[in-house]
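Colleague:
Residue numbers (UniProt numbering): 1 to 953.
1. In this structure, what does DSSP give as the bridge partners for residue 555?
2. Can you list, in chain order, the residues of its chain with a C-beta nearer than 7 Å to that of residue 955? Leave out the 5 residues immediately preceding and following it.
3. Can you have a look at residue 811 and say buried or exposed, based on whether 16 or more other CB atoms are within 10 angstroms of its CB?
4. Would you kindly report the start and end of the unbroken alpha helix (DSSP H) that includes residue 58?
5. What are the boundary residues of the beta strand (DSSP E) that residue 957 is part of?
6. DSSP puts residue 608 in a beta bridge; with which residues?
7. Considering only the beta carbon of each residue, do residue 495 and residue 562 sit closer than 7 Å?
8. Helix, strand or coil for residue 114? Go by DSSP, reduced to three states.
9. Is residue 410 helix, strand or coil when you go by DSSP?
10. Which residues does DSSP list as the beta-bridge partners of residue 948?
11. Given this structure, state the Cα-to-Cα distance separating residue 914 from residue 568, to the nearest angstrom.
12. Beta strand (DSSP E) containing residue 854: first to last residue?
13. Spatial neighbours of residue 148 within its chain, please: C-beta separation below 6 Å, excluding the five flanking residues on both sides.
14. Which word fits residue 950, buried or exposed, when buried means at least 16 other C-beta atoms lie within 10 angstroms of its C-beta?
15. In terms of DSSP beta bridges, what is residue 545 paired with?
16. Between the C-alpha atoms of residue 952 and residue 769, what's the straight-line distance to the nearest angstrom?
17. Just checking my contact of residue 176 with residue 97 at CB under 8 Å: how many whole Å lie between their CB atoms?
18. To the nearest angstrom, report how far apart residue 155 and residue 752 are at their CA atoms.
19. From the DSSP output, in three-state form, read off residue 294 for me.
20. Using CA coordinates, which residue listed in 342, 362, 366 and 363 is at the minimum distance from residue 355?
21. Going by DSSP, name the residue or residues bridged to residue 523.
22. Tell me which same chain residues have a C-beta within less than 7 Å of the C-beta of residue 686, skipping the five on either side of it?
23. Less than 7 Å between C-beta atoms, sequence neighbours within five positions excluded: which residues of the same chain meet that for residue 301?
24. For a quick check, are the C-beta atoms of residue 735 and residue 517 less than 7 Å apart?
25. Suppose contacts are defined by Cβ-Cβ distances below 7 Å. Is residue 607 in contact with residue 598 by that definition?
26. Roughly how many whole angstroms lie between the Cα atoms of residue 650 and residue 334?
27. Whose C-beta lies closer than 6 Å to the C-beta of residue 935 among residues of the same chain, with five residues either side of it excluded?
28. Grouping DSSP H, G and I as helix and E and B as strand, with all else coil, what is residue 940?
29. Got a sec, what are the start and stop residues for the beta strand (DSSP E) residue 125 sits in?
30. Suppose you measure from the CA of residue 721 to the CA of residue 713; what does that come to, to the nearest Å?
31. Since residue 183 and residue 285 should fall inside the 8 Å C-beta cutoff, what is the C-beta to C-beta distance between them, to a whole number of angstroms?
32. Judging by CA-CA distance, which residue of 500, 645 and 774 is the nearest neighbour of residue 383?
33. When we look at the beta-carbon of residue 448 and count the other beta-carbons within 10 Å, is it buried (16 or more) or exposed?
34. So the candidates are 432, 428 and 611; which of them puts its Cα closest to the Cα of residue 955?
35. Using a Cβ-Cβ cut-off of 6 Å (strictly less than) and excluding sequence neighbours within five positions of residue 879, which residues of its own chain qualify?
36. Go through its chain and collect everything with a Cβ distance to residue 278's Cβ below 6 Å, but skip five positions before and after it.
Structure below.
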């Protein structure tokens, strides 16, 4: 459990910030003067077919041997008539359920047979304004590209809308709607009409009206399809590792025959009128875990079509980054009034966006936290930003831009395709990497503090226009709407505001060792390109040079033990010790000062203590490798634990823990944990009981103990680095870390973890949790057990075959529970196979459903498993499993992330990572007989856990 994740558990659950808020700015009241238009990337091949369909093609080699196919339909839910609400989304679903060349589920079967899974590689989405279909196919077989294009053509003009399949899909869409209900659905029901008042968007949510979905005639569904799926409203995008001319010809061959419209339809454009009058919306809900305040300013969305608009967007990025850094500093300060606060910008529609301030106040401090946030807004608008703040963000931006440019040939094809789809739908140019970098280098240095000050003032004119507060039913500190309006618009600080000030951070990150260490042994790991070095202090360093991503180095340090060697009562303190450290800082730098110190560097290092291991993970640009080494040294020798860090950790942990009882899914999960693991703190979520066990001295002691002996660690580096430079840095910063002494003539004995997994419950325990206001239920089924000891190769093979069984079960349950029974939107099948310190496994199945169908669908799951145990699965499924395995591994082996993870796991298990690159052994073992045997080995239908979640009503 890392600090980021602990804080994010709060952050994501309530603020739901757009992850890319700094990428999408909003225009202010003063529009920038138009200048030189941005030039479209010359590497993009584009054209328009005679039928009016446009297309865009670009060669891109990441991932290798893959092509991304997209069909972008410039029509979404906003095009629906009143009796069609939800039909755009229903049509999207029907695209996978029968077309001219693919009957019923044959489309998904085909893609799975070539190793492309439904979901990751074959998917679609519907929004207000568009519907986009997405396919990924291998590039090494022309027939696969041709078939992919046949699918796109079928989607464009060949859907069948079989009445039987349509009725089944009504149920699936209903279950998707049901899945989105609960707290988030109720909040959206009130927030969307408030934010998009008097607009068509407020009445056309893509998920639709379930009464319409249930009753709409086939004719009206077909009407929507025929009216809006027209060549002039559709674009094809192909991006991949293949000659652009070949892709263009594939488009022409497949799509030129799509019938042209006899009469072109005019696509309507809908705006969201800016609300001029300030308005307050307070939403009380018994499942809202804590108070969330948002202050919003509506803006026209900024289209980046000219150099002036490109530069203006950079100014907004800079403004948000600086303001957020200030808010983060207050979040991590002594006794903050809030748990989290942030400024962000998000586009709600193509034409409308919102700048927002979001705040999670501490309990009982609604007014105090709100006024403190307003004070910070007043401070930055009154005094402006400092030159040091601006300099830091400029350095960060230029460093990130340089890294992006260095990796211009390593951009994922899916990202390129997304940009071209956006261009096809909105007209926003896609500039080349060279152009983007040149503009960044030209514009970022020229941004002035006065411009950033103006952007902040314009971004929140008169403190915004709309105010939303989502609060728990029991909250007692919420003023009336009138009082909120008065505080929001008229508050002035009682004490005179002063300009923003900063601490002095002009000192080294870490203290240098008195003398460097050395490498005392070097060897190449047999069968691999991995070099293993033993350092003079006993630490081991593994290096693997790759060319997958320019200037990227991924890092891992790992040691066995983790929380398993701590007493049960100390486990919470052990697991959150690194959260405590991250909220404190490092080597005398506070958490926020540390970020300032690292400004302009592409580097990140995070320590962790897990169940069975402890270590560090991180990354760096090759040019910042020394900074990474300095951080590693500090985490071992100079951890920094503060009152502020402990107070912030415990208050955040207590908030998350105390709010669990309000949320149906967390209550459900806690019951599952109770049945599977009893009261073990080692497997517990962040419950009140877990939080109550947190002890500051214990957390500090365990952290220091786990990171006291560098000789018990293996340090792993994967990526694009200079080997000699890395070795020299390792001798300076790693070989000099403290290590436990070894007596003469004795060998070091690595510490081992203690197996602490509880026994899987006997029999067939079951429970029902009744919690929640919506008509939605959930089903959870788990199998598990311990396994006999085995050698490393046997364990590797059994681990991979276990994953094959999980994949097969996932496919079969999707077909039976979703497709045949219309019982759920999706079934999740998750497997865990433990190989260290002992062997054990769990297989967990979960899905949402309509209340009253829990037992029926759970029985269907067990029946499907029984069929796997007694019948030989058709060979077509073996083909799917083998091809998916090969294609997935083909791509993974070309990524640094896969290698750092795999080598780290090999170190934990004490095995040779040579098998990481083996792609042929497992497919040869996948047979109908093997899968039947695996089902009998791991899925015991006389021993499993079942838990249902049902609504309170």
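Every residue gets a Cβ at the ideal spot worked out from N, C-alpha and C, and that includes glycine. Source: prediction; values computed, not measured.
Modeller: Put simply:
1. 618 and 717
2. Residue 955 is absent from the structure shown; the chain starts at 1 and stops at 953.
3. buried
4. Per DSSP, residue 58 belongs to no alpha helix (DSSP H); it is in the beta strand (DSSP E), 54–59.
5. Residue 957 cannot be examined here, being either before or after the span of the chain that is shown, 1 to 953.
6. 615
7. no
8. coil
9. coil
10. 768 and 779
11. 37 Å
12. Not the beta strand (DSSP E): residue 854 falls in the alpha helix (DSSP H), residues 854–870.
13. 69, 135 and 137
14. buried
15. 719
16. 9 Å
17. The Cβ separation is near 14 Å, so there is no contact.
18. 56 Å
19. strand
20. 342
21. 532
22. 653, 656 and 657
23. 26, 347, 350, 351, 352 and 353
24. yes
25. no
26. 13 Å
27. 868 and 869
28. coil
29. 122–126
30. 21 Å
31. 6 Å
32. 500
33. exposed
34. Any question about residue 955 goes unanswered here, given that the chain covers just 1 to 953.
35. 113
36. 465
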